[in-house]
Amino acid sequence: MTKPLTVGEWRAFLTDYNARHIDSEEVREAIAEHRQVISEERLKAGWAGTEPAGEEAILSAEKRLGVQLPPSYRNFLHVSDGWEDIGLVDLHRVGDIGWFTDLEPELLEAWTRFDVFTDQFPLLKRSLLIGQDDGGSGCYWLLHADSVREDGEWTAYEWWPGDGDDPEPYDDFATLVREAANT
Numbered sequence: 010m011t012k013p014l015t016v017g018e019w020r021a022f023l024t025d026y027n028a029r030h031i032d033s034e035e036v037r038e039a040i041a042e043h044r045q046v047i048s049e050e051r052l053k054a055g056w057a058g059t060e061p062a063g064e065e066a067i068l069s070a071e072k073r074l075g076v077q078l079p080p081s082y083r084n085f086l087h088v089s090d091g092w093e094d095i096g097l098v099d100l101h102r103v104g105d106i107g108w109f110t111d112l113e114p115e116l117l118e119a120w121t122r123f124d125v126f127t128d129q130f131p132l133l134k135r136s137l138l139i140g141q142d143d144g145g146s147g148c149y150w151l152l153h154a155d156s157v158r159e160d161g162e163w164t165a166y167e168w169w170p171g172d173g174d175d176p177e178p179y180d181d182f183a184t185l186v187r188e189a190a191n192t
């Protein structure tokens, strides 16, 4: 499958992924081990996503953040305003996304004190935090505002700082999601 970009492509992609994932052995095993990777509410609904974000909510976030969100991410939000458990990460609702520096100031302060990850600060200062794992070793999904292509897409990153690795770049949000959904 090609990477989803349009609202229709996202709807088809997420419907397929949801059907494969929500009833998967991985999710059943996690529940049996009392690791709730998908909320009871969403399991009962049979959909790991939420209701779509309205254009007003997306425009409000863009105004608050001072940027226009990448097209593939905007279109994803038009299908589901957030998502539980895609590649071990929960995607935030559009009203909860923000600049990494605003959402994780204590973390940046601690890293500064201990002089760790300081080479990542330029990237982090201009990245939106759009998703993270819920209690694991600290995975972040980021969209980098200073890396915008002609088509409006931003470079996306998956970063596991607890592993000591550098953020891994992806061409765009859709590529990151597709890769995570296939692992």
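If you use my numbering, the sequence shown closes out at 192, no skipped numbers anywhere. Note that CB positions come from ideal geometry on N, CA and C, so glycine has one too. These figures come from a predicted structure and were not determined experimentally.
With DSSP collapsed to three states, give me the class of residue i.
i      : result
Met10  : Any reading at Met10 is ruled out, since the residue's pLDDT is 49, under 50, leaving its predicted position unreliable.
Trp120 : helix
Gly173 : coil
Glu188 : helix
Glu167 : strand
Glu49  : helix
Gln141 : strand
Ala62  : coil
Val157 : strand
Ser136 : strand
Nearest by alpha-carbon distance to residue i: which of the options is it?
i      : options                       : result
Gln129 : Pro178, Ala66, Val186         : Pro178
Leu86  : Gly17, Leu74, Tyr166          : Gly17
Ile2   : Gly91, Ile95, Trp120, Glu115  : The displayed coordinates of the chain run from 10 to 192. Any statement about residue 2 would go beyond what the structure contains.
Arg20  : Glu60, Lys53, Gln45, Ala66    : Glu60
Lys134 : Phe123, Asp124, Val36, Pro114 : Pro114
Leu132 : Gly161, Pro176, Glu71         : Pro176
Leu52  : Val36, Leu112, His43          : Val36
Leu152 : Asp172, Asp124, Gln77         : Gln77
Report yes if the C-beta distance between residue i and residue j is below 7 Å; otherwise report no.
i      : j      : result
Ser156 : Trp150 : no
Asp99  : Asp143 : yes
Phe109 : Ser136 : yes
Ser81  : Asp181 : yes
Ala66  : Val103 : yes
Gly96  : Ala189 : yes
Arg187 : Lys12  : yes
Leu138 : Leu112 : yes
Could you give the first and the last residue of the continuous alpha helix (DSSP H) run that contains residue i?
i      : result
Asp111 : 109 to 112
Trp56  : Per DSSP, Trp56 belongs to no alpha helix (DSSP H) and is neither H nor E.
Thr24  : 16 to 30
Arg44  : No alpha helix (DSSP H) contains Arg44, which DSSP labels as neither H nor E.
My guess is that residue i and residue j are in contact by the Cβ rule of under 8 Å, so how many angstroms apart are they, rounded?
i      : j      : result
Gly140 : His101 : 6 Å
Ile193 : Glu93  : Residue coverage of the chain in this structure runs from 10 to 192, which leaves residue 193 outside it and unanswerable.
Thr184 : Ala154 : In fact, because the Cβ distance is near 17 Å, the residues do not count as touching under 8 Å.
Ala57  : Asn27  : 5 Å
Phe126 : Pro170 : 6 Å
Cys148 : Glu118 : At roughly 20 Å, the Cβ-Cβ gap does not stay under 8 Å, so Cys148 and Glu118 are not in contact.
Just reading off the beta strand (DSSP E) that residue i is part of, what are its end residues?
i     : result
Ile95 : 92 to 95
Asp99 : 98 to 100
Leu78 : That residue, Leu78, is in no beta strand (DSSP E); it is neither H nor E in DSSP.
Give a yes or no on whether the minimum CB-CB distance between residue i and chain C is below 7 Å.
i      : result
Leu117 : Included in the structure is just one protein chain, with no chain C present.
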